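Report on one structure; see the data block that follows.
Number of protein chains: 2
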Amino acid sequence: MAGAVFTAQDPRTGAILGSYSDADDETIAIACRQAAAASSALRDEQVRVRLLRETARMLRAAGPELHELCGRETGLPRARLEGELERTCVQLELLADVVAEGSCVEAIIDTADPDAPIAPRPDLRRMLIPIGPVAVFGASNFPYAFSVAGGDTASAFAAGCPVVVKAHPSHPGTSGLVAAIVLAAVEEVGLPPGTFSLVHGASSQVGEVLARAEEIEAVAFTGSLAGGRALFDVAAARPRPIPVFAEMGSVNPTLITTAALRARAASVAEGLTASVTGGTGQFCTKPGVVLVPADDDGAAFVDDVVARLGAVEPAPLLNARIHEALREAVAELNDDADVRRLSDDGDAGANRGAFLHAPVAYAVDGALAARRPDLLQERFGPLVLFVRYAGIEEASAVLDALEGQLTATVHAESQELDDLRAIISRLEQKAGRVVFDGFPTGVAVTHAMQHGGPYPATTAPAHTSVGTTAIRRFQRPVTWQNAPAEVLPAALRDDNPLGIWRVVDGHLTRDPS
Amino acid sequence: MAGAVFTAQDPRTGAILGSYSDADDETIAIACRQAAAASSALRDEQVRVRLLRETARMLRAAGPELHELCGRETGLPRARLEGELERTCVQLELLADVVAEGSCVEAIIDTADPDAPIAPRPDLRRMLIPIGPVAVFGASNFPYAFSVAGGDTASAFAAGCPVVVKAHPSHPGTSGLVAAIVLAAVEEVGLPPGTFSLVHGASSQVGEVLARAEEIEAVAFTGSLAGGRALFDVAAARPRPIPVFAEMGSVNPTLITTAALRARAASVAEGLTASVTGGTGQFCTKPGVVLVPADDDGAAFVDDVVARLGAVEPAPLLNARIHEALREAVAELNDDADVRRLSDDGDAGANRGAFLHAPVAYAVDGALAARRPDLLQERFGPLVLFVRYAGIEEASAVLDALEGQLTATVHAESQELDDLRAIISRLEQKAGRVVFDGFPTGVAVTHAMQHGGPYPATTAPAHTSVGTTAIRRFQRPVTWQNAPAEVLPAALRDDNPLGIWRVVDGHLTRDPS
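Chains R and P, in that order, give the protein sequences. When we follow my numbering, the leftmost residue of the first sequence carries the number 564, and every step to the right adds one. When we follow my numbering, the leftmost residue of the second sequence carries the number 564, and every step to the right adds one.
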């Protein structure tokens, strides 16, 4: 079957930037076979370190060339693209450092113990190995950092897994350029070409064929709930199911108390406005549902934020589909008798062929919101729903009505923390990250980051797609029992030649075993 | 709907030991609601440590009473039951020690860094928290160690999760006794009763209702491929999918070289016989497919093992269903023109109302086996299939035809290891544990154990159901961002009051942050 044709468009003007074609089944099959064939070459940790660093170096060097096309395909401003590319490179380099340090294989050694309780114990040595080829689905909203050479690809490489990327159809040209850079790095460090492949696709069929490929051992996805769940269902229905690490966004509830407003309403309003409108509201950590007290301080705060939002220029959404979805969400809320519209209709681009939209705000009463979980769904774009709560029980009821979240935020004063303890504990149950007196957007690439959360925020709440522990998604433990020294990986040898941290007979150490 | 009735039987005699009833939906719903209500009480690590230790203490004290009934329900000999109960207690105590030490929450702290690359970095603190109520499915073949108070329950408690156990219908009385002991321990340490519940069920419906319950956050299962996959499918199809950690057995391929036979054929034959017949061949790590060289040494070895197997007394299988499945497998192999029968029909109990079976052995040529993956399926019970391989390529082809395995074993001499490197590497890809010059049965409960493997050995190859890292199945990371000290769990406080290992700004340390 010939692949369907799709078109890249400048979201600022609607200009046509080229036509691309869905990969056919045979192309996908070749990419997966080549990936499987490349697996053993990636077992060498040092070559992975060089691959990650070389990719970062080459990406940085290509910045100007990339931003030119990427800006056209995404409508994202130059400064944002420069920052995102640097973030992408820092991410690759941080993961390279983690692999170079080496302890992420989580080596555990139990030396033989003839006097162990119950039965004599053999020598057992366990470490994490790569799971095999990973299918990565690029996201629309981060053309670099969550795309072709983004966090998922970097984590898979760090774990030692070949990657087949399905490019997001919103920025196919950028994806192709980045893929060429990754492949140049692959070549430079002497890895086989199957280490990395890129397939294009606008229809869900391409992704489903990829997720069904026998050689693929895991799927990493960032995008919509519908898209992520579809891949999860495909992968779970395989004769041999594979894990799907889908990050599918959330409404990132934000609770603000009266005391916090009295102490610093203006700075919270300023930060919230930036967080709602950053990236034209197209971050998966955008605070979409904001709980404000149903009192004068809350009302003044909402007025202030609405005024600030009104001063933000309309900006382009990433593509026609996101633009259309936001227009539909706005129309639905406008027609909802339970919801109060606080700002003008923001569809600034409707008559210009562009995907522009201005920030928009709505309000609903807490008692109503608690009974209307349909209102508490993610709406991608610069849209915020204020929920006016009358007392902490009502706020609790609203939070209870929420599904799993990537983040949850509390703005409160320290003397209130005792009263909020139950709510905070509830937020820990609901979310992957709990933010205090800050904003959930801006996901730091570091060791302690958790970018994940209970379903439907992700399909794999035990994992993260950002931060150094993101590698863990693509690793699998193997134990060697009574293995001769010459068979053992370096990480498990008696003399600890890599100098890594290991648990030896129950104790963490860098000493030989 | 009233629950279906099922019957416990003595597999040695067929004697009826009592009738039980499937839990109805309302009973399951109550257990799950109570479990959810108990979750917060288990957040306290110290109470978990006491629960695990108290359960072990009480189980040990109840040994004689338990073995009396358990022996009748399972047909397992007293010495085995004593050993298994001790193993179960040691497992509870080892996990208690791990929780008491505290580092298994994997705390990671990144202190705030205003000069971080790209953007100022907030204070981020990450640790693993309990995922919530776990449904545990008891196994038929380990009435203590993989059942009501077995490894799954112990791991879930260690992680801080309430447990609802679905007892295996083969030993409902034993399950009830053990449940009463667990609940006595729950009461003793002051935890709410919902911490632990037991439901009975012989039909798959009970398990499916449990796996569908909204409050359940994960399923742990040990049993057949059909049973595990059914639960996996139910859990994946939920509106909110949950993980299923199903351990579903394997054939545990064992490769023996001519050189190994020349060096120590008798000891390998002795060990293999014990491994095939231990627990009447009803261990998930039983070596079911044994690759032997198609030469004189191989033939003599097979003869020796067959003679040794012939000297093993017929023993009872655990229940009528397993007995029937083994009889069917034997009948099928007897009728298979590609397979050579090496021993008498072992169905010693057919005319006595007992589930007795003698060990049985078969042989097939390697070239045939490589083309007949249907022959390389698990057959529960004291049955071994020898695969005679002519050269290392043929052995490789047979191993390639195998699906994912819990274990893979190599008996070889050290001078052969270079030639076997590719095969060993292949086994690491196929299995969770690679055993050298030993036998896969006897799964040590320790830090470095990996009891798991690629599908269909398990539904979750990244995890283990035995060993201290089994706790990780029931944990989920949460990050606190800029949290006030009074909100932080002890594991994440600056002064490290628990004295645990933490990664602070990228470095592993027990120092304060």
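Here a beta-carbon is modelled for each residue, glycine too, at the ideal position from N, C-alpha and C. Model, not experiment: these values are computed from the prediction.
What do you reckon, is the C-beta of residue i under 6 Å from a heavy atom of the ligand NAP?
| i | result |
| --- | --- |
| P/S906 | The ligand NAP is not part of the structure shown, which contains no ligands of any sort. |
In the DSSP assignment, find the unbroken alpha helix (DSSP H) run with residue i in it and report its ends.
| i | result |
| --- | --- |
| R/I744 | P735 to E751 |
| R/G1005 | Taken as a continuous stretch (DSSP letters only), R/G1005 belongs to no alpha helix (DSSP H), as it is neither H nor E. |
| P/V668 | Taken as a continuous stretch (DSSP letters only), P/V668 belongs to no alpha helix (DSSP H), as it is neither H nor E. |
| P/Q760 | Reading the sequence as shown, one finds Ser at residue 760 of chain P and not Gln. Segment F759 to V762 is the beta strand (DSSP E) holding P/S760; no alpha helix (DSSP H) there. |
| R/V769 | S767 to R775 |
Measure from the alpha carbon of residue i to the alpha carbon of each residue in the options, then state which is nearest.
| i | options | result |
| --- | --- | --- |
| P/S988 | R/L969, R/V1050 and R/A985 | R/V1050 |
| R/A600 | R/A675, R/A642, R/P1019 and R/C724 | R/C724 |
| R/G912 | R/R792, R/T576 and R/V568 | R/T576 |
| R/G967 | R/A1053, R/S977, R/T1022 and R/L691 | R/T1022 |
| R/H974 | R/R616, R/P850 and R/A721 | R/P850 |
| P/Q597 | P/I671, P/S760, P/Y583 and P/E628 | P/S760 |
| R/L946 | R/V997, R/P1003 and R/V869 | R/V869 |
| P/L818 | P/A924, P/A828 and P/A971 | P/A971 |
| R/F700 | R/P640, R/I671 and R/A765 | R/A765 |
| P/C847 | P/L889, P/F705, P/A837 and P/L980 | P/F705 |
| P/H920 | P/V927, P/V727 and P/L889 | P/L889 |
| R/I694 | P/E891, P/R934, P/P1024 and P/D901 | P/P1024 |
| R/L965 | R/S977, R/A994 and R/F999 | R/A994 |
| R/E876 | R/D859, R/D673, R/T836 and R/L644 | R/T836 |
| R/L658 | R/S703, R/E608, R/S959 and R/G736 | R/E608 |
What does residue i reach in chain P if we use C-beta pairs closer than 9 Å?
| i | result |
| --- | --- |
| R/E631 | Under the 9 Å cutoff, chain P gives no residues; its nearest Cβ is about 21 Å from R/E631. |
| R/Q768 | Simply none; closest approach about 21 Å. |
| R/L687 | R996, A1007, T1009, H1010, A1011, M1012, Q1013 and G1030 |
Residues of chain P with CB under 7 Å from residue i, in chain order?
| i | result |
| --- | --- |
| R/S977 | P1047 |
| R/Y707 | Correct list: empty, because the minimum Cβ distance to chain P is about 12 Å. |
| R/I672 | A1011 |
| R/I819 | The premise fails here: R/I819 is roughly 15 Å from chain P at the closest Cβ pair, so nothing lies under 7 Å. |
| R/E991 | I692 and V1041 |
List, in order along the chain, the chain R residues whose C-beta lies closer than 7 Å to that of residue i?
| i | result |
| --- | --- |
| P/A799 | A799 |
Between which two residues does the beta strand (DSSP E) containing residue i stretch?
| i | result |
| --- | --- |
| P/R1065 | R1065 to V1067 |
| P/T840 | No beta strand (DSSP E) contains P/T840, which is instead part of the alpha helix (DSSP H) from T821 to T840. |
| R/V961 | Not the beta strand (DSSP E): R/V961 falls in the alpha helix (DSSP H), residues I955 to D963. |
| P/I579 | I579 to S584 |
| R/V814 | Neither: R/V814 is in no beta strand (DSSP E) and is coded neither H nor E. |
| R/L946 | L946 to Y952 |
| P/R1039 | Q1038 to Q1044 |
| R/A571 | V568 to Q572 |
| P/A789 | Where P/A789 is concerned, there is no enclosing beta strand (DSSP E), although the alpha helix (DSSP H) it sits in stretches over L788 to A799. |
| P/A985 | Run containing P/A985: none in the beta strand (DSSP E); it sits in the alpha helix (DSSP H), L980 to K993. |
| R/L1071 | H1070 to T1072 |
| R/H974 | Q968 to H974 |
Please list, in chain order, the chain R residues whose beta carbon lies closer than 8 Å to that of residue i.
| i | result |
| --- | --- |
| P/F999 | W1043, Q1044, N1045, A1046, P1047 and V1050 |
| P/A1075 | Residue 1075 of chain P is actually Pro in this sequence, not Ala. What P/P1075 touches in chain R: nothing, since even the nearest Cβ is about 16 Å away. |
| P/T1027 | P1040 |
So which residues of chain P does residue i contact, with C-beta pairs closer than 8 Å?
| i | result |
| --- | --- |
| R/E649 | P680 and I681 |
| R/I987 | V1050 |
List, in order along the chain, the chain R residues whose C-beta lies closer than 9 Å to that of residue i?
| i | result |
| --- | --- |
| P/R942 | Simply none; closest approach about 20 Å. |
| P/R803 | E966, G967, P1017, Y1018 and P1019 |
> Unbroken alpha helix (DSSP H) runs of length 4 or more, entirely within the segment 853–933 of chain P: which are they?
Replying inline: Correct list: 859–873 and 883–897.
> Which parts of the segment 670–744 of chain R are runs of the beta strand (DSSP E), unbroken and 3 residues or longer, counting only runs that do not cross its ends?
Replying inline: Taking only runs of at least 3 residues, the beta strand (DSSP E) segments lying wholly in the segment 670–744 of chain R are 671–673, 687–693, 697–700 and 726–729.
> Enumerated in chain order, which unbroken segments of the alpha helix (DSSP H) with a length of 4 residues or greater are wholly contained in the segment 600–625 of chain R?
Replying inline: 608–624
> So, do the segment 648–664 of chain R and the segment 705–717 of chain R have three or more beta carbon pairs nearer to each other than 8 Å?
Replying inline: yes
> Counting Cβ pairs, one atom from each stretch, are 3 or more of them under 8 Å apart for the segment 1000–1011 of chain R and the segment 676–687 of chain P?
Replying inline: yes
> How do the segment 850–860 of chain P and the segment 811–830 of chain P stand: do at least 3 beta-carbon pairs fall below 8 Å, yes or no?
Replying inline: Between the segment 850–860 of chain P and the segment 811–830 of chain P, the count of C-beta pairs closer than 8 Å reaches three or more; the two stretches touch.
> Touch check for the segment 1029–1043 of chain P and the segment 871–880 of chain P: three-plus C-beta pairs under 8 Å?
Replying inline: no
> Does the count of Cβ pairs from the segment 826–839 of chain P and the segment 779–796 of chain P closer than 8 Å reach three?
Replying inline: Short answer: they don't touch.
> Below 8 Å, can you find three or more Cβ-Cβ pairs linking the segment 1015–1033 of chain R to the segment 626–637 of chain R?
Replying inline: no
> Does the segment 752–759 of chain P come close enough to the segment 613–627 of chain P to have 3 or more Cβ pairs within less than 8 Å?
Replying inline: yes
>> Counting beta carbon pairs with one atom in the segment 798–813 of chain P and one in the segment 887–902 of chain P, are three or more of them shorter than 8 Å?
In response: The segment 887–902 of chain P vs the segment 798–813 of chain P: no contact.
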